[in-house]
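Remarks on the structure that follows.
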Amino acid sequence: MGKRSDLGEFLRRCRADTPPLVGDETARRVPGMRREEVAHLAGVSVDYYTRLEQGRHSSPSEAVLDALARVFGLDQAGRAHLADLSRPAGRRPVETPPQRVRPAMRQMIASMTDHPAFVIGRRTDVLASNALANALLTDWTKLPPRHRNYTRWVFLDPAARQAYLDWETVAAEVVGTLRLYAGRNPDDVRLNELVGELTIKSPDFRTWWNDLQVHERTHGTKRMIHPAVGEITIRYEALSLPGDDDQTLFLYTTDPGSRSHDNLRLLALWGREPADVTANS
1 MGKRSDLGEF
11 LRRCRADTPP
21 LVGDETARRV
31 PGMRREEVAH
41 LAGVSVDYYT
51 RLEQGRHSSP
61 SEAVLDALAR
71 VFGLDQAGRA
81 HLADLSRPAG
91 RRPVETPPQR
101 VRPAMRQMIA
111 SMTDHPAFVI
121 GRRTDVLASN
131 ALANALLTDW
141 TKLPPRHRNY
151 TRWVFLDPAA
161 RQAYLDWETV
171 AAEVVGTLRL
181 YAGRNPDDVR
191 LNELVGELTI
201 KSPDFRTWWN
211 DLQVHERTHG
221 TKRMIHPAVG
231 EITIRYEALS
241 LPGDDDQTLF
251 LYTTDPGSRS
261 HDNLRLLALW
271 GREPADVTAN
281 S
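Numbering-wise (UniProt numbering), the sequence shown opens with residue 1 and increments by one.
Laid out in structure tokens, this is it:
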């Protein structure tokens, strides 16, 4: 699907999710605002907004995008996604070059023996991880290179459903993260292959992908359970790596003195192996 069609689809979804104007009691056959209401609040003509939804208009101005984001109540990630979908589409699919994690970064995360740490790249590919991350999530080194993908693991590995006590929340958010990347890189060949595979193999992924929601991971909390040590509530920080485009370091921590902290320390002893970090493929 072309980017103009993606923009129109996203606008229609936002409009359907936005409550109508207060006091309008007219019977509606579809949920959300009418095009006329959106156009009025955004300060554009109904014809102009209609052409945006129908993919018959090129890139809207930043002022129009700001107005639409305000009308729909979009957060920062949603506003960025709207801008991405408004950029001119590429002429053909792009095969992106393999990503590499710098040796110094691999050494740094390998030294974090008390904290799970891993690097996520394009399309949520797992580029490197330390021993504790492998013990808590999965040993990425034992997977084929094309299967070392966080989203793929979440949806296609039954162990992932057992690992997260709030699996549905985690899964929906990672789909939103992948959707955010897709808006910026619609011509990525491997992204299209991944989405196609997950759409076929996972009804849950297909449902959330079609919801068109976007999500940017920055920090948060996840409740996990490990068969060897029990429940672990982790806090995560997502740190963009300067100088390494499309690479994010995820660092997991626990509250000192908590049961989760003790269980994570136990897991570090249980899962410690000579190999500290995954090899780049």
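For glycine and all other residues, C-beta sits at the position ideal for the given N, C-alpha and C.
- Across the structure, E36 and P20 are spaced so that their CA atoms are roughly 11 Å apart.
- Residue E9 holds the alpha-carbon nearest to the alpha-carbon of Q54 among F118, E9, I109 and E197.
- The alpha-carbon separation between R79 and A69 amounts to approximately 6 Å.
- Under DSSP, T253 forms a beta bridge with R235.
- Inter-residue distance for R15 and L74 is about 11 Å (C-alpha atoms, whole angstroms).
- Annotation: the continuous alpha helix (DSSP H) that includes G78 extends over Q76 to S86.
- V229 carries a coil assignment under DSSP once its states are collapsed to helix, strand and coil.
- Remark: fewer than three beta-carbon pairs, one from each stretch, lie closer than 8 Å, so the stretch 114 to 122 and the stretch 151 to 168 are not flagged as touching.
- In the three-state reduction of the DSSP assignment, R56 falls in the coil class, being assigned neither a helical nor a strand state.
- For S240, the pairing in a beta bridge is given by DSSP as T248.
- With 16 or more other Cβ atoms inside 10 Å of its own Cβ, L178 counts as buried.
- Secondary structure of G32 (DSSP, three-state): coil.
- With contacts defined as CB atoms closer than 8 Å, M33 and T50 fail to qualify as a contacting pair.
- In the three-state scheme derived from DSSP, where H, G and I count as helix and E and B as strand, G220 is classed as strand.
- By the CB criterion at 8 Å, Q99 and L127 fall inside the cutoff.
- DSSP places L21 outside any beta strand (DSSP E), giving it a letter other than H or E.
- Burial state of L85 is buried, judged by a 10 Å Cβ sphere holding 16 or more other Cβ atoms.
- Note: Y164 is bridge-paired with M224 in the DSSP secondary-structure output.
- With a cut-off of 8 Å on Cβ pairs, the stretch 192 to 207 is in contact with the stretch 142 to 157, counting three or more such pairs.
- The three-state secondary structure of L143, taken from DSSP, is coil.
- Counting the other CB atoms within 10 Å of its CB gives L269 a total below 16, which places it among the exposed residues.
- Between N263 and E231 a beta carbon distance of about 7 Å is seen, short of the 8 Å cut, so the two are scored as contacting.
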